[in-house]
Amino acid sequence: MAVALPMESNPDTMNKYLEKLGVSEKWRMVDVIGLEEEALSWVPRPVLAIILLFPLSDAYEKHRRDQENEIQVKGLEPPKDVFHLKQVLSNVCGIIALVHSVANNVPHIELNDGLLKTYIDEAKNLDATAKGALLENSAFLNAYREIVRTGSEPGTEGEEAVNNHFVTFIHKDGHLFELDGRKAFL
Numbered sequence: 029m030a031v032a033l034p035m036e037s038n039p040d041t042m043n044k045y046l047e048k049l050g051v052s053e054k055w056r057m058v059d060v061i062g063l064e065e066e067a068l069s070w071v072p073r074p075v076l077a078i079i080l081l082f083p084l085s086d087a088y089e090k091h092r093r094d095q096e097n098e099i100q101v102k103g104l105e106p107p108k109d110v111f112h113l114k115q116v117l118s119n120v121c122g123i124i125a126l127v128h129s130v131a132n133n134v135p136h137i138e139l140n141d142g143l144l145k146t147y148i149d150e151a152k153n154l155d156a157t158a159k160g161a162l163l164e165n166s167a168f169l170n171a172y173r174e175i176v177r178t179g180s181e182p183g184t185e186g187e188e189a190v191n192n193h194f195v196t197f198i199h200k201d202g203h204l205f206e207l208d209g210r211k212a213f214l
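Numbering-wise (our numbering), the sequence shown opens with residue 29 and increments by one.
If you want it as structure tokens, here you go:
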């Protein structure tokens, strides 16, 4: 698997990237600093998606493999209106988490003409693996490199493998979905 530039867990960088991709400035990423009622009261509403960053571990990898087996045995597939793509490059889980967040909320988010709208339109009828391959061959990665080159955290400009992973949680049609580019779907 080829290696891309890892995304930093920084709402300012993510927001600059989303703007560059065509997401209206009305929609922002923010840090959630705690799950207590007071901390959650600081989070602007409405919340359309939650992106979680966590360290990869042997326990997580076992859980992921077990879920993959369950998905295959049960023949589970995402509902047609859930946009899910498979990760085909190392380190693009942050970009995939952002795409999952926006693509599954297009009815609610003002999406201007640009890279993301074009990608979603081209990918919406593809399977998850083909969506991942299309992302790999799009201008997304170069757009992110441009943002990172002017980024806020030193050390994010190298293309090294990292041991953290982003996933997205969305609410759609009364269900909570975990969207993880490393999993088939669940």
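Even glycine gets a Cβ: it sits at the ideal position worked out from N, Cα and C.
Computed from a predicted model, the values in this text were never measured in an experiment.
With a threshold of 6 angstroms on Cβ separation, who are the neighbours of residue i within its own chain once the five nearest residues in sequence on each side are excluded?
| i | result |
| --- | --- |
| Arg210 | Gln115 |
| Pro34 | Asn119 and Val190 |
| Ile148 | Ala131 |
| Lys159 | Leu113 and Ala151 |
| Ala32 | Leu117, Asn119, Val120 and Leu169 |
| Ala87 | none |
| His203 | none |
Does residue i come out as helix, strand or coil in the three-state DSSP assignment?
| i | result |
| --- | --- |
| Pro34 | coil |
| Lys211 | coil |
| Asn242 | Residue 242 falls outside the range modelled here, since the chain spans only 29 to 214, and no answer is possible. |
| Leu68 | helix |
| Leu84 | coil |
| Leu204 | strand |
Since residue i and residue j should fall inside the 8 angstroms C-beta cutoff, what is the C-beta to C-beta distance between them, to a whole number of angstroms?
| i | j | result |
| --- | --- | --- |
| His193 | Cys121 | 5 angstroms |
| Phe197 | Ile78 | 4 angstroms |
| Val195 | Leu80 | 5 angstroms |
| Ser129 | Leu76 | 7 angstroms |
| Val51 | Leu154 | About 21 angstroms separates the two Cβ atoms, so there is no contact after all. |
| Pro72 | Asp59 | Actually they do not touch by this definition, with Cβ atoms about 11 angstroms apart. |
| Pro107 | Asp208 | The Cβ separation is near 16 angstroms, so there is no contact. |
Please work out which residues of its chain come closer than 7 angstroms, Cβ to Cβ, to residue i, disregarding the five sequence neighbours upstream and downstream, and give them in chain order.
| i | result |
| --- | --- |
| Met42 | Met57 and Leu126 |
| Arg92 | Arg210 and Lys211 |
| Pro83 | Asn191 and Asn192 |
Once the 5 residues before and after residue i are set aside, which same chain residues still bring their CB inside 8 angstroms of it?
| i | result |
| --- | --- |
| Ala171 | Tyr45, Lys48, Leu49 and Leu143 |
| His235 | The structure shown does not extend to residue 235, since the chain is modelled only from 29 through 214, so no value can be given for it. |
| Glu206 | Val195, Thr196, Phe197 and Leu214 |
| Glu96 | Lys211 and Ala212 |
| Val134 | Ile148 |
Whole runs of the alpha helix (DSSP H) within the stretch 151-181, excluding any shorter than 4 residues: 156-164 and 168-177
Counting only runs of 4+ residues fully inside the stretch 36-65, write out the alpha helix (DSSP H) ranges in chain order. 39-49
What are the complete beta strand (DSSP E) segments, minimum 3 residues, inside the stretch 99-138? none
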